[in-house]
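As numbered in the numbering used here, the sequence shown has no gaps in its residue numbers, which increase by one up to the final residue, 155. Remarks on the structure that follows.
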Amino acid sequence: MEITIRFPDEIGKQVHQIPNFDEFVTRVVREALKNRPAQVTSSDSKLSKWARISQRVQNDPVHLEGYSQQLKKDMREFRDNFEFKHDA
C-alpha cells in the first residue's frame with residue numbers, strides 16, 4: 068500500500084537521506100503502533116477519570132515503573148517543607 072505522509076522539510080530531507088528509507092519508515096511506524104495508547108472504547112468513556120487512570124496502570128504497569136520511590140520521596144519532602152506564608 069502506498070500512503071503519502073507530510074513531514075516538515077527538515078525531517079523529510081533527513082529521512083530521504085537514509086539508505087532504504089522506506090524500510091526505516093516502515094520499522095518506525097510499526098514500533099509506534101505497538102506503543103500507541105489503548106484506544107478509548109464507548110464503555111471506557113463512561114468510566115470516571117480515576118477509573119480510567121486505574122485501568123491504564125493495570126493494563127500498562129511499566130508506564131509507571133520506577134516512579135514509586137520518587138513519588139514517595141517528593142510527597143514526604145512536600146509534607147515536611149510545607150508552610151503557609153503567614154506561618155513564617
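For every residue, glycine included, the Cβ atom is placed at its ideal position computed from N, Cα and C. Just so it is clear, the structure is predicted and the values come from calculations on it, not from any experiment.
For the pair Phe145 and Tyr134, the Cα-to-Cα distance works out to about 16 Å. A straight line joining the alpha-carbon of Phe88 with that of Lys152 spans about 58 Å.
By the CB criterion at 8 Å, Leu114 and Gln125 fall outside the cutoff.
Taken through DSSP and simplified to helix, strand or coil, Glu150 comes out as coil. Taken through DSSP and simplified to helix, strand or coil, Arg103 comes out as coil. Gln125: member of the alpha helix (DSSP H) spanning Lys116 to Asn126, first to last residue.
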